[in-house]
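The structure under discussion appears below in the form of structure tokens.
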Amino acid sequence: MHNFSLIETRGDAGKAVSMLLARLLEQNMVQAVIVPAAVPPSVLPMTRLLNNPADLDQTSPLAPVAGVSAATQAAKISRGPQEIKIAAVLRPCEIRALVELHKLNQAQLDNLLVIGLECPGRLENQDYIDLQDQNQDLDQRFYRDEDLQSRIAITCRSCIDFLPENAHLNICVLGLDLDQQAGIAWDEGPGADAARALELKPGQEPGERGRAVDSLRSQRESAREEVMSRSRETISSSSGLQSMIAHCLGCFNCQRACPVCFCRECVCSREAFEQNLEMLHTRAGRTGGIRLPAGMTMFHLTRLAHMAHACVGCGQCSSVCPIHIPVADIFRTVAAATQKELDYKAGRSPEEPIPHLNFSTEGDQ
Amino acid sequence: MKEAARALVMGGGVSGLKAAMDLARAGCSVFLAEKQAVPAGLLLGLDRQFPSNHCGLCRVLPPDPSGRTWQACMRRGFGHPGIEFFPGFEVQDIQGSPGNMSATLIRQTLMVDSDKCNACMQCVEVCPVHMPDLFSTGQIPVKAISRAAPHRPPHHLAISLEACTLCGRCRDACREGAIDLDAAREEKVLDNLDFAVLASGVEYCLPEVYNLYQSAAHADVITTLDFEALLSSAGTDIMRPSDGRPVRRAAWVQCAGSRSLKLEADHCSGICCMISLKQASLAREKDIQCSIFYMDMRTSGRDWQKYLDRAREKGVELIRCRPHSIEQVPEEQILRIPHAPSPGNQQDRDFDLVVLSVGRDPAWKPPEYAGREGVFTSPGSRRVLDIARSIIAASATAATALGEDRQESLPDQEAKDQDQVHSRVLVVGAGPAGLSAALTLAAGNIPVVLVEQKDHLGGHGLSNISPEQRKEVQDLAARAMEHKLVQVYPSAAVISCTGPAGGFKSRIRDSSGDEKEILHGAAVLATGGRAAPVARQEDRTADIFEYSRRIFAAGNSGEAPESVIFILCHNTRQEPANYCSRVCCSLALKSCLQTLSLRPEAEVTVFYRDIMVQGDDEELYTRARSEGVRFIPYSPDAPPSLEAKDGKIRVKGSDPYLSEESEYEAEQLVLAPGVVPAAGSEMARIFNVHSSAEGFLCEADAKYRPVESGRAGIFICGLARNPVPFKEAVLEGRAAAMSALGLLKQGLDSRLQTFVRVKPALCSLCGLCLEACPFKARYAHEETGAMAVDPLACRGCGACVAVCPNKASAWSEQLEENVHELN
Amino acid sequence: MNSTEVLSHTDLSGPGGGGNPAQICLGCGTCASACPMTGIEGFDPRRIVRLGQLGRFEELGESSLAWLCTMCGRCQEGCPMDVRITDMIREARDLGGEKTVPQAIGKGIEMFMETGNNLGLPDEDFGFIVEDVAEELTEEPGFEDFVLPVDKEDARLLFTLHNKLVNTQNEDLKHWWKILHAAGESWTLPGSRWEGVNWGFFSGQDQVLKAGVDTIVGNMERLRSRGLMYPE
Amino acid sequence: MNTGISRPEEAGTDNSRHKELDVLALVCNWCTYTAADLAGVTRLHYPAQVRLIRFMCTGMIDMRYILSCFLDGADGVFIGGCHPGDCHYLTGNLKARVRIKGIRPVLESVGIPPQRLRLEWIGASEGKKLQEDLTSFARVIEQLGPSDYKGMNLV
Amino acid sequence: MFDLLVEYISTQRIRLDRDRIKKKAVYHDPCNYGRKSEALFGHGYFHEPRWILNQCLEHWTDMQPNRARQYCCGGGGGLMLTPYEEQRKYYSRRKIEQIKNSRAELVVVPCHSCHGHIRAMLDAQGPASIEVKYLWEVVAEALVMD
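Residue numbers (the working numbering), protein chains in the order written: chain C, 1 to 365; chain L, 1001 to 1823; chain R, 2001 to 2232; chain S, 3001 to 3155; chain U, 4001 to 4146.
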């Protein structure tokens, strides 16, 4: 992004950002805001739609947690009436998911002012709740406490796409002392319009940020390499794959939590209800009977086949698995191979066509 | 109107099939006679066709959304519920008058009873008669009894009675009693025919008959038809007939058997250039060195010039010289062609195989009954046409036959909108094509809304140089104005069109700005074209259209310039207008002749790249030359340069025969810049159909569905689709109308059954199916936004089902069980 | 073949006889592919036809082009438009005037017009030569009784000779004599104006051509021969 | 699928290992199946372990069909469609191609080598090519041996 | 001339011995008797000389191409008498090639001009070992005298 501005946080960066959002509403730059907020008695910030500037001080835009991926909700809400423009605070993976959903006609990007959040990672929901009990200002402390940062979700620990892409306005936290200052970055277009409304003055970006980003990236890259190679190794045989998914309960949580799995109802979940009993009997007659509900391997492979090109690596699937199958590791591994083969990157650009719709006559078999 | 006209179609090639199917779809009882045992004629031998270089044998038969799928690859045969097919029969004579004609059919091919035959092949073994294969001209001899077609199973044998001597050896050899030679004398008489359509094509020139290039003496001098057969049976290499060695160098020699006064063949067969280009392009894929010897490369079709450019890019060598002879180098098994590609430069070139590009047999004449009343002859039975033009001509001929048959009947006033299908057709453009379409539809009792931008009907047809053709257009316009079923909107334009086939909703706006909504089931786009603009240096320059109008308007008493220079292909047939406009050459030749007839001493010079006249128009070219018009070829790299000086036009160009740069002076300069579509891109946008870079509307399938756009229910014809001369525009209009008529008829008739459905409860509206559907049969409902299927457009490929991740797009209930067996 | 026949088939008025005038040329190149001379000094039948179309015969006659042609007729045989190319060459040669006629031909024609043969050989010398060869022939077995029938009247066949047989290749005179002798033919050799080669045909000079023909017709009338054997 | 799963006549290969291997050939009705017809007519045999399954168009081959084949124990899946441009439904073959391109890395990641899935364009007149392609594919599968997923009885 | 020979042979006024000439021969169609005669008089002497040859010797062949499409020897039209010797050589290259390709040792011609020119050209550029004979010379050689 070309423009950068520092804002004073006075010890509460979340609040500072909330105020900016409120101002966007006041200035009528947007008519609604989507942002995480924990409304008592809940302590877990969840995606919330707000349109009253006064309500903004209840929100936690920088909370290091994502109850569910906000992309699904941002996408849905964006398909509403055109005259309602919405600002959505989203993590990089959520923006990527949003871009994918846009290609699938599930989101109206024109209706959104996307505010990206630089993401050092999110805590698992339960961890956040537990830590919240122990730390009063968890959201603010998280950014200066390396110990807290090391407890982020497993998928996040090896995420290298922690900088938001395709947002109009970025909230910058890396390499900054959030107790003093947070950063806002923007490009020409809607982002610049918003920055003007917020009376942000472009200034010098602290050099420290670059170094912080590089160091985080190199740390994440080596972590990612390790995770991926382990996972590659494991799933590359039928028995290895089975060892990972054998415990699958068939709850379909992973599918439901996946921000890019956009089907109203997964074909596999429907099939789980519509088992062909005759076929099951036939198969059961072969070696070793048949595991019920049938079709769980097919379910995971189907999801891979359908969505590997669109996987944004958010890790929600792993987070929601009740028996801790590293679904995201499998997915990211296959996704890396698929996206490389198709010369495609999920969420890279709203203009990039879905590879499966490229019916070019060029090339050979 | 009679319930069902009885129609006889003669010829089961692509034209005959098309005419028969169109007539059947229009409700006629159709009888189809084909002298071979299998239909599709020459097409069965053409595995790949220009300009796509693809096979299209599964596209010959029409798509049928009702699920009664008789369509199939033509190699597997032909069956059609509305057509009684007489394979092996040829029409010998037709008697009587329209409405009560009778035709005598005699056997030409005798089929062996395939139920009894056990494919032992004893009959073929004992048959003493060798004859040329149906799909070549003699290089691959077969017996008088042989397999009915190359792709037919061995127990489908047929006897060609043209060759058979009825010696009876095959019958005696057959232990199964499958051969009934008595049936050879079988005759059939079809009575009470209302009309007949002749679509049996033309005979091809056999080089041996005319001793072309002493072909009989060289086994490796073959014809283009033979080459198709070689190509079809080829693996990685093409093997030559004499010794079975792979061909490494091949030559094509154009105009074998035509463009020769000595052979009394002053005609052009029109498609041989393209066939040779295609064959050479395909041979290049097998790494064969390919050279084509030609005089003019007659790439006279919309995409043909580009096809030639592609062939050249692939390495096909074009040599502009007609060889005198093909010499065999003894013992080396080489065929040598001495030639002189440029004046004073003679070379030898050696080949393994020489292909003579043959067309119509110069001596061929249509059968005697072709001219009888009630016998409608498809233009494809007068001259050689490519597949698309054959299809258009056949459709148009069927339309004409049908129209005349119905003239006596009263228009069906009760034609009304039923359910979702409106019977009305919107015709846009009232030039020759649009008028023909409108009147053809009206003759079929289909109400027509005819929208014309100008305040009068007729379009460019009114400025045609031929008085007969002008008269024809005026008559069409007058009939359209009078016809009860034709509602004319002059000075109006269509501004939008939404909805699926059968249920289109279009808005038209007239010159006063008033808008009106029209519901219609189909649309015919015939928005025509106009002359491409020329940069005029001064008023001594005219384009070919202006000039021809001027000197023809003068009658025989008018003034012609004392000297005139024509420059053909001026800024055309090269990017960005890389196509032949097809009308300029013959117009120029006619203008040359008219100039000389007005002023015999006039000096007429024509600079040209390739003279593109086809069929008997070749005679125009010959006449122009013999009357002293001087023709100077030029290359697009070095076009003649122009200069105006002292009231004269000066043209600098080089005469390759004299190898000298000369300056030519003339009182008048005539440029032929070609034609451009008038409103192509605009129409493409409004009607959501494809258009080419040049703005021509594109068809669904360039070969087999030439007048259908990619969107069901939208038909295209005339200059809006491709450059066509007047007569072809009329044919295209009729053909488009015939297709629209068939579609509506089908929509109105049938209990429409779709192949696929959408389950709205599951559908996420992602639109993948919209993208995947190749026929635009998917659309989002205007109001609800829900995905819907257009039953008139859907052809059941299942792309939408496959692309839908959760099967909200599903097969119809009838099909589902079968399709999902594997799943 | 006889002379009257030759005349009735050749239209001496120039191009346009039985075939088509140059204008109809298609420029197809069949002639140029056929002609063995194409390429020499820019020679190309298409060029000749083009010059013909433009009426620029003189230009053609004045250059060596017209003289490079052997008038073999391959071009015309192949021409799909039946353009009379060789006739055009003849005309061009004539139009080029006497100065362009190659020396040997010019000389020969001069001699012929003077003496009745292209060599300018006196009749006495001719008689001496042929008698000499005839005598040689009688020395061969089977031909002992051979007598050369010079100026024999009322013979069935009149034989003209190619001058080269008289000039240098006398041996080759014998072949026909042997055959005629063996067949017991009634034939004769003119003692003068025996020339059988008509160079007027090459030069395009019709008056020479005609003189040649007249010579033969004259001989036939004189000797009352019924037929003619003509070497060219 | 709705159409006959056809086992061709024994093709003169007596290698018994062949019998254990299953090769499914999913072919398009218009071109490749016609080619198979033609191969039959001209007595060109293809390997016995190949089972031909006819689809109206390769464009209707869902990725899940391919997964099913492998989970069901297929050792190789061959897809035969029209040459680009020849598709009766214009672009069905190209859809098949891009799907195959997309699913190959998935298969490869989970232990199904890409060689086990092959796409070939086989025109209606190319009975010989059909035979050659099927034979060479069967040979590749033979070299690879049984698939890792064979006998797992996964669905 | 051809007619006369055919007449002599077919009416047995002369008798011929086919075994005398052993060399493999090749026949050259002179332009004047073939192509041009065909064009002018509607009859080209293509068949007759071949028939005559058949009566005279065992082994002979045709040049490629032959009859109406044959190449001129290069000596016609008076060209032999012109000073254009190099040009004539160029012209004759095709004839010489044809002769070589035929693998014959003897060229038979029924024309003085062709005879002279082919001889000269063979001497100048071709294998001079190839003989050139008149058709009637061949007949004369095969003559059987009682």
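Where is the CB? At the ideal position from N, CA and C, for every residue including glycine.
In this text, all values refer to a predicted model and were calculated from it rather than measured experimentally.
Cα-Cα separation between residue i and residue j, rounded to whole angstroms
i, j, result
"Ala13 (chain C)", "Pro36 (chain C)", "14 Å"
"His2162 (chain R)", "Ser1342 (chain L)", "39 Å"
"Ala223 (chain C)", "Cys314 (chain C)", "16 Å"
"Arg4069 (chain U)", "Ala1602 (chain L)", "39 Å"
"Cys1763 (chain L)", "Thr1754 (chain L)", "18 Å"
"Pro1323 (chain L)", "Ser1357 (chain L)", "13 Å"
"Lys1516 (chain L)", "Arg1509 (chain L)", "6 Å"
"Thr1572 (chain L)", "Cys1580 (chain L)", "7 Å"
"His3088 (chain S)", "Pro2036 (chain R)", "54 Å"
"Glu1329 (chain L)", "Tyr1213 (chain L)", "The displayed chain sequence assigns Val, not Glu, to residue 1329 (chain L). Their Cα atoms are separated by approximately 15 Å."
"Ala1019 (chain L)", "Glu1627 (chain L)", "42 Å"
"Ser69 (chain C)", "Val114 (chain C)", "15 Å"
For residue i, the residue or residues it bridges with in DSSP
i, result
"Trp1811 (chain L)", "L:Val1756"
"Ser1563 (chain L)", "L:Glu1603"
"Glu1317 (chain L)", "L:Ser1291"
"Pro1338 (chain L)", "L:Asp1348"
Close beta carbons around residue i, own chain, < 6 Å, minus the five adjacent residues each side
i, result
"Gln1122 (chain L)", "Ala1173"
"Ser1029 (chain L)", "Ala1004, Arg1006"
"Ala2066 (chain R)", "Leu2060, Ile2089, Ala2092, Arg2093"
"Asn1578 (chain L)", "Gln1305, Lys1306"
Beta-carbon contacts of residue i that lie in its chain and below 8 Å, excluding the five residues immediately before and after
i, result
"Thr3013 (chain S)", "Low local confidence applies: a pLDDT of 40 at Thr3013 (chain S) is under 50, so the model's placement there is unreliable, and no value is given."
"Leu24 (chain C)", "Val30, Val33, Ala87, Leu113, Ala194, Ala197, Leu198"
Residues near residue i in its chain [Cβ-Cβ closer than 7 Å; skip 5 each side]
i, result
"Gly1623 (chain L)", "Here the sequence assigns Arg to residue 1623 (chain L), which means Gly is not the residue at that position. Correct list, in chain order: Leu1593."
"Tyr982 (chain L)", "Coverage of chain L is limited to positions 1001 through 1823, which leaves residue 982 (chain L) absent and any answer about it impossible."
"Gln73 (chain C)", "Ile34, Thr47"
"Glu1176 (chain L)", "Lys1116, Cys1117, Asn1118"
"Ser1300 (chain L)", "Cys1580, Arg1582, Met1612, Gln1614"
Supposed contact pair residue j and residue i - C-beta distance, whole angstroms, cut 8 Å
i, j, result
"Trp186 (chain C)", "Ala195 (chain C)", "5 Å"
"Phe1631 (chain L)", "Gly2027 (chain R)", "7 Å"
"Glu94 (chain C)", "Pro202 (chain C)", "Between Pro202 (chain C) and Glu94 (chain C) the Cβ distance is about 26 Å, and since that is not below 8 Å, they are no contact."
"Cys4056 (chain U)", "Val4138 (chain U)", "5 Å"
"Met1738 (chain L)", "Ser1390 (chain L)", "Going by Cβ atoms, the distance from Met1738 (chain L) to Ser1390 (chain L) rounds to 14 Å, so no, they are not a contact pair."
Residues of the stretch 1709 to 1730 of chain L with Cβ closer than 7 Å to any Cβ of chain S, in chain order
none
Chain-ordered residues of the stretch 2068 to 2087 of chain R with a beta carbon less than 9 Å from chain L:
Arg2074, Cys2075, Glu2077, Gly2078, Cys2079, Pro2080, Met2081, Asp2082
Determine which residues of the stretch 1651 to 1670 of chain L have a Cβ less than 8 Å from any Cβ of chain R, and write them out in chain order.
Asp1655, Tyr1657, Leu1658, Ser1659
Could you name the residues of the stretch 1249 to 1282 of chain L whose beta carbon sits closer than 7 Å to any beta carbon of chain R, in the order they occur along the chain?
Arg1259, Ser1260, Leu1261, Lys1262
Going along the chain, which residues of the stretch 2138 to 2165 of chain R sit with their C-beta nearer than 8 Å to a C-beta in chain U?
Pro2141, Gly2142, Phe2143, Leu2157, His2162, Lys2164, Leu2165
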